[in-house]
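These notes are about the structure you will find just below.
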Amino acid sequence: EAQVTQNPRYLITVTGKKLTVTCSQNMNHEYMSWYRQDPGLGLRQIYYSMNVEVTDKGDVPEGYKVSRKEKRNFPLILESPSPNQTSLYFCASSFNGRAYEQYFGPGTRLTVT
Amino acid sequence: ILNVEQSPQSLHVQEGDSTNFTCSFPSSNFYALHWYRWETAKSPEALFVMTLNGDEKKKGRISATLNTKEGYSYLYIKGSQPEDSATYLCAFKQGGGTSYGKLTFGQGTILTVHP
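The listed protein sequences correspond, in order, to chains V and D. With the first sequence counted from 1, adding 28 to any position gets you this note's numbering. With the second sequence counted from 1, adding 36 to any position gets you this note's numbering.
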């Protein structure tokens with residue numbers, strides 16, 4: 029089944045404790061992206077990757093890191109999480125970064141206390 | 037940060053009503069406009085990706101039009117059903133430059149269809 033998976037689905041952590049949210053797709057897609065969703069603010073793009081080893085900032089990259097060492101994986105790293113990073117996070121992928129629909133993962137609910 | 041606006045913010049209709057919402061985006065350097073449907077407790081699902089001025093797309097009772105010169109897209113739902121209740125998101129992709137992988141979402145229109 030074609031899908032985007034994210035882990036963990038739920039995470040409660042404390043300020044400053046490094047964490048990684050994994051994202052994996054099995055569709056051989058070139059493009060992958062991370063978004064955060066906050067009430068009243070819609071989906072905002074954090075980082076995206078046009079292909080392996082090619083990443084770029086979205087609109088809200090501060091406090092996040094990404095890497096794309098393999099085509100199927102695009103982990104999101106929070107080196108020192110803060111309470112303002114409490115949010116619902118979505119990973120998505122598409123055939124390439126041009127005019128193709130995106131497939132979204134199930135979301136990760138992160139709470140930083 | 038690009039300005040992508042959706043209106044109305046929320047909409048309540050009766051089963052069987054037809055409805056439409058608007059997505060406004062910058063009219064310069066257009067590349068693509070996406071529409072997604074997002075049901076509560078699920079992930080967004082793609083409805084349409086539109087690239088050409090005058091594009092019209094249709095999927096069942098849902099259709100969309102695109103005007104890139106004036107910077108707007110309409111999403112229409114004919115004969116709304118309770119299962120159409122969801123948040124409808126548009127997303128704008130700008131062409132040119134080095135950031136063409138960026139996708140900017142509007143805040144969404146929340147549709148509630150009452151039986």
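All C-beta atoms in this analysis are idealised placements derived from N, C-alpha and C, irrespective of residue type, glycine included. Keep in mind it's a predicted model, so treat the numbers as computed, not measured.
* Could you work out which residues of chain V lie near D:Ala-68, taking near to mean beta carbons separated by less than 8 angstroms? => Arg-126, Ala-127
* Using a C-beta to C-beta distance shorter than 9 angstroms, which residues of chain V count as neighbours of D:Lys-93? -> Near D:Lys-93 there are no residues of chain V at all, since even the closest Cβ is about 11 angstroms away, more than 9 angstroms.
* Using a Cβ cut-off of 8 angstroms, pull out every chain D residue sitting near V:Tyr-76, in sequence order please. => Gly-137, Lys-138, Leu-139
* **Range covered by the beta strand (DSSP E) that runs through D:Asn-103** => 98-103
* **D:His-150 versus D:Ser-99 - alpha carbon distance** => 21 angstroms
* May I ask you to list the residues that DSSP assigns as paired with D:Glu-41? => D:Ser-60
* With a threshold of 16 other CB atoms inside 10 Å of the CB of D:Arg-97, please say whether the residue is buried or exposed. => exposed
* At which residue ranges does the segment 33-97 of chain V contain complete beta strand (DSSP E) runs of 3 or more residues, listed in the order of the chain? -> 38-41, 47-53, 59-66, 70-79, 82-85
* Rounded separation between D:Asn-89 and V:Lys-93 - CA only -> 36 angstroms
* Among D:Glu-51, D:Ala-68, D:Trp-74, which one has its Cα closest to the Cα of D:Gln-143? -> D:Trp-74
* Output yes or no for whether 9 angstroms exceeds the beta carbon distance between D:Phe-61 and D:Gly-107. => In contact: D:Phe-61 and D:Gly-107 (Cβ atoms closer than 9 angstroms).
* Asked: Residues in its own chain within less than 8 angstroms of V:Arg-72 by CB, not counting five upstream and five downstream?
  -> Tyr-63, Arg-64, Gln-65, Asp-66, Gly-86, Asp-87, Val-88
* Determine the burial state of D:His-70: buried for a count of at least 16 other Cβ atoms within 10 Å of its Cβ, exposed for fewer. => buried
* To do: Out of D:Tyr-112, D:Lys-105, D:Asn-65, D:Ala-77, state which residue places its alpha-carbon closest to the alpha-carbon of D:Phe-84.
  => Minimum Cα-Cα distance from D:Phe-84 among the listed residues D:Tyr-112, D:Lys-105, D:Asn-65, D:Ala-77 corresponds to D:Tyr-112.
* Anything in chain V within Cβ reach of D:Leu-125, meaning under 8 angstroms, just list it in chain order. => Within 8 angstroms Cβ-Cβ: Gly-70, Leu-71.
* Identify, in the order they occur along the chain, each residue of the same chain with its Cβ nearer than 8 angstroms to the Cβ of D:Leu-139, setting aside the five sequence neighbours on each side. => His-70, Ala-127, Phe-128, Lys-129
* **D:Gly-144: contacting residues in chain V (beta-carbon distance under 7 angstroms)** => Chain V residues near D:Gly-144: Gly-70.
* Asked: Exposed or buried, V:Gly-70, counting other C-beta atoms within 10 Å across all chains shown (16 or more means buried)?
  -> buried
* Assign D:Glu-119 to one of three DSSP states: helix, strand, or coil. => helix
* What residue range is occupied by the uninterrupted beta strand (DSSP E) comprising D:Tyr-112? -> 108-113
* How would you call V:Pro-36, buried or exposed, if buried means at least 16 neighbouring beta carbons within 10 angstroms? -> When all chains shown are included, V:Pro-36 counts as exposed.
* Interfacial residues, the segment 82-95 of chain V to chain D, with Cβ spacing under 8 angstroms -> Contacts with chain D (Cβ-Cβ distance below 8 angstroms) from the segment 82-95 of chain V involve Asp-84, Gly-86, Asp-87, listed in chain order.
* To do: State the beta-bridge partners of D:Tyr-124 as determined by DSSP.
  => D:Arg-73, D:Thr-145
* Asked: Mind checking if V:Ser-61 is an interface residue toward chain D, Cβ cutoff 9 angstroms exclusive?
  -> yes
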